[in-house]
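Just so you know, we're using the numbering used here here: the sequence shown kicks off at 70 and counts up by one. Ideal Cβ positions, reconstructed from N, Cα and C, are used throughout, including at glycine. A short write-up of the structure that comes next.
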Amino acid sequence: MVAGIRALRRFGSGEQGSMTLEGALVFPWVLLTTLLLILFSVGMLEKALLYYSASAESGRAAFAWSHSSASGKTGGYPSGGYDGLYWRLGDDALLAGELGMSADGNGSRVDIGNGGGEDGSPAEKKLRKSAEAFPSFVGGELKYRNQGWLRTVSVDASGGLIPTPVLRFRNSAETRHSASVSSTVTEPAEWIRTFQSVRYFREKMRKKGQSAETYRQKAASVLAGKR
């Protein structure tokens, strides 16, 4: 009896097997924590890449907006690929935006990943070129708005490869990563021409007196006929 008690005491005070016991208790927690950190890092990386893609395509579309055949990356265009001299007045809704004739306050828009196509206005065709550059798992839309003094190309993108349960496990309300970016179309020379045209048409309407509204309606009907 005494020998058994002594053997039990030696077993309890000994260090044999302590590493195995500690490893069995600690390793699962270390592994779980590592996996959670990896998933969190991958999620942040995916969101950053989505924002970068949206920002890049928005900037490229705004950069090459003045030429429908130009590459968004380099600005180069093929020989003979020219736009009409007055494409901004009708196709880009410049005159309508200046005189407040545009019926569509939201401008032009296309969906990301809609399969492309050649139909639509010139503005929609330009947006579609950038929409086709997104990966297949990204959705959303590209929008262009011309307010005369301000022209913007905006991208609202969403998507990703991270499953929804993982996003919810991060205590996040979103079911998909999303990014919203806007870029301004800048053309210094065109800005001067726009300013001069605004002065011209406003002076014309001012001289019409009480028939200024009729003048605007006639101009709007002409623009609508061109479209």
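Rounded Cβ spacing between residue i and residue j (contact assumed at less than 8 Å)
i    : j    : result
L119 : G228 : 7 Å
V222 : V254 : 6 Å
S199 : G112 : With a Cβ gap of about 25 Å, S199 and G112 do not count as contacting.
Cα-Cα separation, residue i to residue j
i    : j    : result
V99  : L105 : 10 Å
S138 : F96  : 59 Å
T143 : S127 : 14 Å
K276 : W260 : 25 Å
T283 : M274 : 9 Å
T263 : A248 : 32 Å
A258 : L230 : 44 Å
S122 : H246 : 13 Å
S148 : Q265 : 31 Å
D173 : S110 : Low confidence applies here, because D173 scores a pLDDT of 49, under 50, leaving its location unreliable; read the following figure in that light. Taking the straight line from one Cα to the other gives about 42 Å.
G26  : A226 : The displayed coordinates of the chain run from 70 to 296. Any statement about residue 26 would go beyond what the structure contains.
A130 : V267 : 26 Å
V250 : E256 : 20 Å
R220 : P204 : 26 Å
R271 : F206 : 48 Å
L94  : A117 : 36 Å
G145 : Y151 : 12 Å
E210 : E201 : 11 Å
S177 : S252 : 15 Å
D180 : A125 : 17 Å
First through last residue of the alpha helix (DSSP H) which encompasses residue i
i    : result
R197 : P191 to A200
Span of the beta strand (DSSP E) around residue i
i    : result
V222 : R220 to G228
T207 : Sequence inspection shows Val at residue 207; the Thr mentioned does not correspond to that position. Counting along the chain, the beta strand (DSSP E) containing V207 begins and ends at V207 to N215.
H136 : Looking at the DSSP string, H136 is not in any beta strand (DSSP E), and its letter there is neither H nor E.
T253 : H246 to T253
S148 : Segment: none, S148 is in no beta strand (DSSP E) and carries neither H nor E.
D152 : No beta strand (DSSP E) contains D152, which DSSP labels as neither H nor E.
### Message
Between the stretch 101-117 and the stretch 206-226, can you find at least three pairs of beta-carbon atoms closer than 8 Å?
### Response
Taking a contact to require three or more Cβ pairs closer than 8 Å, the stretch 206-226 and the stretch 101-117 do not qualify as touching.
### Task
Take every Cβ of the stretch 120-139, pair it with every Cβ of the stretch 187-201, and state whether three or more of those distances are shorter than 8 Å.
Result yes; three or more Cβ-Cβ pairs closer than 8 Å.
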